[in-house]
Structure formats: structure tokens, C-alpha cells
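**Q** I'd like to ask some things about the structure below.
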Amino acid sequence: MICSAYYLIICTIVAFCCLKLCTAGNNETDRIALLEIKARIVDPFGVLSSWNDTQQFCDWYGITCGVRHQRVTSLDLQSSKLSGFVSPYIGNLSFLKDLQLQNNSFGGTLPPEIGRLRRLQHLLIFNNSIAGEIPRNISGCYGLIRLSAANNKLVGSIPDEMGTLPNLQHLSLPNNKLTGNLPSSLGNVSSLSVLSLANIDVVGNVPSSFGRLKNLTYLSLSENKLSGLVPSSIFNLSRLTFLDLGENRLEGSLPSDIGVTLPLLEDFLISQNWFSGVIPTSVSNLSHLRILQLTSNNLRGEVPPLKTLVNLTNFDVRNNSLGYGQTDDLNFVTSLGNATLLSIFSINDNNFGGNFPRIVCNFSALTFLVMGENKITGQVPDCIDNLQKLELFSIMMNHISGVIPQSVGKLQNLNTLNFFSNQFSGYIPFSVGNLTKLNFLNLDSNGFVGQIPVSIGNCTQLLGLDLSQNNLKGSIPSEILSLSSLSIVLYLFENHLTGPLGSEVGQLKTLTTLDISSNMLSGKIPTSLSACVELEVLSMEDNFFEGVIPDALKTLMSLQELNLSRNNLTGKIPTFLVSFPLIILDLSYNNFKGEVPIGEVFGNATGVSTVGNDMLCGGIPVLKLPKCPSEKTQMNRSNHRKSLILAMVFGFLGIIMLVTSASLGIFWYRKRSRKTATSDTVTRNSLSNLSYQNLLKATNGFSSENMLGSGTFGDVYKGILDPDETVVAIKVFKLEHHGSSKSFMAECGVLRNTRHRNLVKFGGLVASRGA
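Every letter in the sequence shown is one number past the one before it in our numbering, and letter 93, counting from 1, is 614.
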């Protein structure tokens, strides 16, 4: 008996020693595996510095070991700014239940050795850059409960083998590059409660087998290429709280009893599909509903009363065919009166009629109010200032009239105000300048009058401003041109604005589009525009701008469209325009002159227009401009022009001298007032009998001292006739000059018929010798 007892003790000791040795060996396996895993990891911040031999591996950062066997059960390195690759040695951690590598920058692929981890329950690798396919032997992870690999670069199809994971409750693979069809085998995983497969580029139909997932509470299949009808069984998953089928090609109508079969539904999203028919009235039974997003489908008819949807925060039915253009189309808005949590109300682009619903003022939690592109009438109520949280207010393209209430200026959180294309009138309220968080202000295509409020200059976060197509007058406020925040558009076209474009425009250094066309602006193009180096579109046509295109504008190297047509601009077309990436250049109907540059946009017949500039030459043939003269021809023309100008000047001076001389010569210096009619008769008779010798004597031989003037066709002399010292003017014609005879006859006719107190009557003609 004693021997037997000793034998039992020895056997026990041996067995215990064997167990310790075996456990030590397995522990060593985990230690080596961890060091190999560390070797593939890039750790810039030393998170894994504790992974060394100075302490037992169960005490290393991110490691949890089981109490009994001291084996690694959890590896948690989430959000540690690590990169590198997942080592195949991960498959040697055979006791591993929890692997968390999410929120890092791991690349590479998911090693197939991971399929050896039969005890693995949680595999969380989301928000990394892991590529490759999902290993098909993932089915070896029998205990897997949660697999989350969202936001990676996984490719290939979803393995059918996933349908064999009996304990899987959470499968999340969105935002990867997976392809193929959705595996119908997933319908066999009855334990699934969360199935998130959004934005993975899968195609085909929604498997009808998904209708067997009775424990499903969350189903997201959005942003794929799924098509066809949605299986009716999907709408019978009574535990669903979240259903997102948006951004696919799904079609058909919504079940009429959807509000009964999905009683727990909180979020219902089917945007951007091809659903048709009406919104079921049973939707009003979804008392838990928070998000109702039916955007961009083919839904029609009226929106049913939604009185019970008191938890609604997001109501979005944009881009459908809802409403009939009738006055009662917006009655459903009144039924939402108790939805005090409503944050987004969007009914844009439908057929809704009726007046602007005043009940909107009760939705004090609203951040987005979008009602554009309908047939809504009435006015914006003064109570709109109750919406203190409002960030976006868009009612564009309706028939809303009246004035903008001053109370709009109290919407301090507003960043977008879009009243484009309505029937507003009156002045733009000065209170708009109180909207200091405003990014976009669009009041285009209304009937606003008066001046642009200078208070808009207080909106220092403004990125885009559109006041075009109104009846605004006055100058462009310098406060607007000083808004350096403007970086997208400044539209002021088709108003009645006057005055120059201020030099402050140079402060719009990041602006990409400036359109001030079709106004009555004048003055020169400011050189300060050269500072607007981000400009891609500059439209100044149909104004009264004058002067040349400044050389300073050569800095606008981003310009793609330039329209300066229908102004009074002069000078040459700058050659620096050739270096711009212009697609459209319109310089028509100005006063430009000289040669049209060659190259780039000037070689594009559809991109350039120079019509209405009569002094231009050259360019491509399609412009139909005359050829520019050569340098020699231009010099000859220049000399000829100078000669012609000199001849005209001297000829004009000659005529002046001639007329002056004639006037002086025909004065009666003396005696005319003393002469009687009889003496006049005697004088005329004596003048008619003058000879050449008489004239020669009277002018002292036509001496230069007696010359009164000289012209192209003759000279005029002063003469004193004997015996009564009568003073006369004598003109001697140069008949050798071509045209002198015509000039002679013309002057005779003029003097014969002209009566003036400073002119004498025509006295007669005397032929010269040799005539």
C-alpha cells in the first residue's frame, strides 16, 4: 500500500510537470507570434515600446491574457497611429477572442491564417487601408460575432462562406471596393442583427433570402448598383429600426401597409432610386420615425397627414412629383405642428402649390428650410425670425412676392439665403448686413429696386453674392468690392448700375467669377483688377467702359472666359491674351484697332469674336478681317498722309490770305461816302475802260510792296487809279495752274452777286499779255 501511494504521488508530480512544460511552450508560441506581429508594424510614437523581454508578454501594451492558461485572448491596438501590415503570425494566437486594429493606417492584406482563430469573436479592422480579398476561410472563425471592416480597400466579392458563420450578429463592410452580387447565403445567418453593406459597388437584386433575417434591426444597402424590385419580405422585418436603400436603381412602389409591418422603424431612407406611386398613408403610423428621406424618386400625389410623427427630425422629399399645384398641397405641413424636433424640412423641386406656410415659424429647431422649385405663393412671414438655428433658407424659383421682412436679419446662424427667381419687390433690407455668418446670398431675378445696401460689406464670410437681374441702381459700393472673402462668384449683371468699377475690386484676390455685364458702368478698366489672379470668368460687356485694356491685366493667367464686348474700348488688342487659357474671348463692338494676335484662343473660330471693330486687321481667315499692310506700305501711307495734311494746311492758309487780301483791297479807303450816284456811275464807266497799262501803273508794276496776298491760283495787289486816286483790288490769275480758270469764273460769279458794306461791286475784266 505504501508503494502504491508513493507511485501515485510520483505520477502526479510527473503529470504536473508535463502540464507546466506544455503550458510554458504554448506561452512561448504566443510571445514569438507577438514579436513577429510587432516586426511588421510601423510604430512612429513608440506605442509598442513595452513589447520586449524586460517583462512578461501578458503585461505588454494592448495585450490581455486568460487567467487559467496565460494565453493571449485580446489584442487591442485601436487608434494607436500604427501602420505597416498584419502579420500571418496572427494565426498562431489560437486563444484570441478579440482583435481590434481599427482607426490606424494598416495596409497590406488580411492574411488567410486568420481563419485558424476558431475562438475569435470580434474582428474590428475598420478605418484602415487594408486591401485584397476577404479570406474565404474566414468561415473557420466559428465563434465570430462581429466583423467590422468598413472604410478599407477590400476587393473581390463577399465570400459565400460567410453564410456559415452561425453566431454572426454584426457584419459591417461599407466603403470598400467589393464587387459582384450580394450572397444569398447571408440569409441563413439568422443571428444577424446589423447588416451594413453600403457603398461597396455590388450589383444585381436584393436577395429575397434577406427577408428571413428576423432578428435584423439595421439594414443598409445604399450607394450600390442594386436594381429591380425590393422583396416584399424585407418590409416585413418587424424589428427593423434602420432601413437605408438609397442611391441604387431600385423600383416599384412602397407597400401600403409599411407603417404597420415596420412598427419600430426610426430611419427610412430610399433616396435616389426609381420608386414610384404615392406615399402610403400608413406612414403616419410610424410614431418612432426620426428620418423620412424619399429624395429623388418618381413619387407623386399628396403627402398624407403626419400628425403622429412627433419625433421627426428630417423630412426630405425633394425631387419628386408630389403635389398638384393646388392651394391645399401644403396642408400636411400643418399636421407636423407637434414635430418640435424637426431640423431638416426639404420639399424642393416638386409641384406644391399654396401659400408659404406660416406654421413653419413654429419649427424652432430648423436648420435647413428648403422649399424651392415649386409653385408656392404668398409672402415670407415676419415671424421667420423665430428660426434662430436656421442655417440654410432656400425658396428659389417660386411665385413668392412682397418684400423681404427686416426680421430676416435676426437669423444670426444663416449661411445660405437663396431667394432666386421669385417676385420680390422693394428694397433689399439693410438688415441683411447683420448676417455675419452668411456664405451665399442669392437674390437674382426678382424686382428689387434702390441701391445695393452697403451693409452687405459686414458679411465678411461671404463666398458668393448674386444680385443680378433686378432693377438696382447707383454705384457698386466699395464695401462690396472690399469683401476679400468672395471667392466663388460676384454677379451684378442686368441691373441699372452706374459709375466706375472702383479700384477696391483688387481686393477680390480669390474670386473666380466676376460678372457686371449689362449695366451702365463707365470709366476705365481699373488696373487693380490685376490682383484678382484667381479669376476664371470676367464679364464686363454691354457697359460704357472706355480706354485701353490695361497691360497690368497680364497677371490674370487663370482666365478662361473674357467678355468685354459692347463697350467703348480703344487701342490694340494686347498680345498677352495669347498666353491665357482662354476658351471664350469676346471683344466685339468696341473701337479696337491694329492687328489681331495669332495663337491659342485667337485660332479658335468659335471661341473668339471681334466683329464691330472696323479698324482691326489680320487674324485667322474666318474672322474676315482685311490684311494688315506691310511695314513699307505703312511708311508710305504715313508719308503720304503727312504730305496730304501739309497740302491741306497750306491750301487753307492760302485761301484765308486770299480772302483777307480781297477784303482789304476792295475797301474804299476814302471818298466813298462823299461820292454821289453820278460819281459812282462815272467810276464804273471808267473801270470798264481800264487797260493793262493802267493796272501796271496803278500797282507800280505789280511790285511786291503792293501785294496784298497770294494763293494757289493767283496773287492780289493794291492799285491806285488816275486821275481821281481810286483805290482798287486787282487779282492776277495763274492760268498755268490746273483749275485756275474754274476758280476765276467762280470768284467772278461770287463777286458779281455779293453785296456787303466791306466789298465793292465787281468792276470788270482785263486780259493780260499773252493770254
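Glycine included, every Cβ here is placed at the ideal spot set by N, Cα and C.
Quick check on the DSSP output: the alpha helix (DSSP H) that includes V781 runs from which residue to which?
**A** Translated into positions along the sequence shown, residue 781 becomes position 260. It spans I779 to T782 - the alpha helix (DSSP H) in which V781 sits, taken as one unbroken run.
**Q** Can you tell which of P565, S885 and G899 has the C-alpha that lies nearest to the C-alpha of N876?
**A** Taking the sequence shown and counting its residues from 1, one reaches residue 876 at position 355. Nearest of P565, S885 and G899 to N876, Cα basis: G899.
**Q** Just checking: is the beta-carbon of T1034 within a distance shorter than 8 Å of some beta-carbon in chain B?
**A** In summary, chain B is missing from the structure at hand, where a single protein chain is found.
**Q** Distance, Cα to Cα, K1252 vs P1095?
**A** To locate residue 1252, count along the sequence shown from 1; it is residue 731. To locate residue 1095, count along the sequence shown from 1; it is residue 574. Taking the straight line joining both Cα atoms gives about 57 Å.
**Q** Report the option in Q1028, N1089 and F951 whose CA atom is closest to the CA atom of V1054.
**A** Numbered from 1 along the sequence shown, position 533 holds the residue referred to as residue 1054. It is Q1028.
**Q** Taking Cβ positions, are S989 and D965 nearer each other than 8 Å?
**A** Locating residue 989 in the sequence shown gives position 468, where the first residue counts as 1. Locating residue 965 in the sequence shown gives position 444, where the first residue counts as 1. Cβ atoms of S989 and D965: closer than 8 Å.
**Q** Taking 7 Å as the limit between beta carbons, can you name the residues of its chain near P728, skipping five residues before and five after?
**A** Counting from 1 along the sequence shown, the entry for residue 728 is found at position 207. Excluding sequence neighbours, P728 sits near L703, S705 and G708.
**Q** Name the residue from N967, A886, S1008 and K1045 whose alpha carbon lies nearest to the alpha carbon of F961.
**A** The sequence position of residue 961 within the sequence shown is 440, counting from 1. The shortest Cα separation from F961 among N967, A886, S1008 and K1045 belongs to S1008.
**Q** For the alpha helix (DSSP H) holding F853, just list the boundary residues, first then last.
**A** Here residue 853 is taken as the residue at index 332 of the sequence shown, counted from 1. Residues N852 to S856.
**Q** CB L771 to CB I800, shorter than 8 Å?
**A** Start at 1 with the first residue of the sequence shown, and residue 771 comes out as number 250. Start at 1 with the first residue of the sequence shown, and residue 800 comes out as number 279. Cβ distance not < 8 Å, so L771 and I800 don't count as in contact.
**Q** Starting from E1000, trace the alpha helix (DSSP H) both ways and give me its first and last residue.
**A** In the sequence shown, the residue the question calls residue 1000 occupies position 479. Residues S999 to L1002.
**Q** Going by C-alpha distance, which of N859, G798 and S615 is nearest N841?
**A** Translated into positions along the sequence shown, residue 841 becomes position 320. For N841, the nearest C-alpha among the options comes from G798.
**Q** Please check the pair L810 and E787, which I expect to be a contact at CB under 8 Å, by giving their CB distance rounded to whole angstroms.
**A** Translated into the one-based positions of the sequence shown, residue 810 becomes position 289. Translated into the one-based positions of the sequence shown, residue 787 becomes position 266. 6 Å between Cβ atoms; contact.
**Q** Only counting the same chain, and skipping five residues up and downstream in sequence, which positions put a Cβ closer than 6 Å to that of L1002?
**A** Translated into positions along the sequence shown, residue 1002 becomes position 481. G1023, E1025 and V1026.
**Q** Excluding the 5 residues flanking T550 on each side, which residues of the same chain have their C-beta closer than 7 Å to its C-beta?
**A** As a working note, residue 550 is residue 29 in the sequence shown. Counting only Cβ-Cβ distances below 7 Å, and skipping sequence neighbours, we find N613.
**Q** Which full runs of the beta strand (DSSP E) of 3+ residues lie inside the segment 710 to 734, going along the chain?
**A** Within the segment 710 to 734, the complete beta strand (DSSP E) runs of at least 3 residues are 715 to 717.
**Q** In three-state DSSP terms, what is I1176?
**A** In the sequence shown, the residue the question calls residue 1176 occupies position 655. Low per-residue confidence applies at I1176: pLDDT is 43, beneath 50, and the placement is therefore not dependable enough to give any value.
**Q** Let's test the definition: count the other Cβ atoms within 10 Å of the Cβ of A670 and tell me whether it reaches 16, buried, or not, exposed.
**A** Along the sequence shown, one-based indexing puts residue 670 at 149. A670 should be labelled buried.
**Q** Between P950 and V970, is the Cβ-Cβ spacing less than 8 Å?
**A** The residue you call residue 950 lines up with position 429 of the sequence shown. The residue you call residue 970 lines up with position 449 of the sequence shown. Contact: no.
**Q** So, at 6 Å on beta carbons, what are the nonlocal neighbours of G732 in its own chain, with the 5 sequence-adjacent residues on each side left out?
**A** Mapped onto the sequence shown, residue 732 falls at position 211. Cβ neighbours of G732 beyond the five flanking positions: P752, S754 and I755.
**Q** Can you give me the C-alpha to C-alpha distance between I635 and G661, rounded to a whole angstrom?
**A** On the sequence shown, position 114 is the one that residue 635 refers to. On the sequence shown, position 140 is the one that residue 661 refers to. Looking at the two C-alpha atoms, the distance is approximately 8 Å.
**Q** What runs of the alpha helix (DSSP H), each 4 residues or longer, lie entirely inside the segment 582 to 668?
**A** Segments of the alpha helix (DSSP H) lying fully in the segment 582 to 668: there are none.
**Q** Excluding the five sequence neighbours on either side, which residues of its own chain have a C-beta within less than 6 Å of the C-beta of T981, listed in chain order?
**A** To locate residue 981, count along the sequence shown from 1; it is residue 460. Same-chain partners within the cutoff: S1006.
**Q** In the DSSP assignment, the beta strand (DSSP E) including Q814 goes from what residue to what residue?
**A** Residue numbering aside, residue 814 sits at position 293 when the sequence shown is read from its first letter. Per DSSP, Q814 belongs to the beta strand (DSSP E) from I812 to Q814.
**Q** Tell me the rounded alpha-carbon separation between V1122 and N649.
**A** For the purposes of this step, residue 1122 is identified with residue 601 of the sequence shown, where counting begins at 1. For the purposes of this step, residue 649 is identified with residue 128 of the sequence shown, where counting begins at 1. Looking at the two C-alpha atoms, the distance is approximately 47 Å.
**Q** N967: which of N919, I897 and N871 sits nearest, CA to CA?
**A** For this step, residue 967 is matched to residue 446 along the sequence shown. With distances taken between Cα atoms, N967 lies closest to N919.
**Q** Alpha carbons only, please: which of A719, L734, N1088 and S805 is nearest the one belonging to I791?
**A** Counting from 1 along the sequence shown, the entry for residue 791 is found at position 270. Ranking A719, L734, N1088 and S805 by Cα distance to I791 puts A719 first.
**Q** What are the residues that DSSP puts in a beta bridge with N939?
**A** By one-based count along the sequence shown, residue 939 stands at place 418. Looking at the DSSP assignment, N939 forms a beta bridge with S915 and N963.
**Q** Do you know how far the Cα of T861 is from the Cα of N883?
**A** Here residue 883 refers to the residue found at position 362 when the sequence shown is read from its first residue. Here residue 861 refers to the residue found at position 340 when the sequence shown is read from its first residue. When rounded, the distance between both Cα atoms is 8 Å.
**Q** Can you name, in chain order, every residue of its own chain whose Cβ lies under 8 Å from the Cβ of S803, other than the five neighbours on each side?
**A** Here residue 803 corresponds to residue number 282 of the sequence shown, with the count starting at 1. The residues are S777, D778, I779, G780 and V781.
**Q** Could you tell me which uninterrupted beta strand (DSSP E) segments, each at least 3 residues in length, are contained entirely in the segment 956 to 1044, listed from first to last along the chain?
**A** Whole beta strand (DSSP E) segments, 3+ residues: 961 to 963, 968 to 972, 985 to 987, 992 to 995, 1010 to 1012, 1017 to 1021 and 1034 to 1036.
**Q** Applying the criterion that 16 or more other CB atoms from any shown protein chain within 10 Å of the CB defines a buried residue, is V854 buried or exposed?
**A** On the sequence shown, position 333 is the one that residue 854 refers to. With 16 or more Cβ atoms within 10 Å of its Cβ, V854 is classed as buried.
**Q** Using only the alpha-carbon positions, how far apart do R639 and R760 sit?
**A** Within the sequence shown, the letter at position 118 stands for residue 639. Within the sequence shown, the letter at position 239 stands for residue 760. Near 30 Å, if we compare the C-alpha coordinates of R760 and R639.
**Q** For N835, collect the residues of the same chain with a Cβ closer than 6 Å to its Cβ; drop the 5 residues on either side in sequence, then sort them by chain order.
**A** Counting from one through the sequence shown, the residue named residue 835 turns up at place 314. Excluding residues within five positions, the ones whose Cβ falls inside 6 Å are I812 and I865.
**Q** Taking C-beta to C-beta, are N625 and L603 nearer than 8 Å?
**A** Your numbering for residue 625 matches position 104 in the sequence shown. Your numbering for residue 603 matches position 82 in the sequence shown. Yes, the pair counts as a contact, with Cβ atoms nearer than the cut-off.
**Q** Which residues in the same chain have their Cβ closer than 6 Å to the Cβ of L644, if we skip the five residues on either side of it in sequence?
**A** For the purposes of this step, residue 644 is identified with residue 123 of the sequence shown, where counting begins at 1. Closer than 6 Å at the Cβ level, and outside the excluded window around L644, lie L620 and L668.
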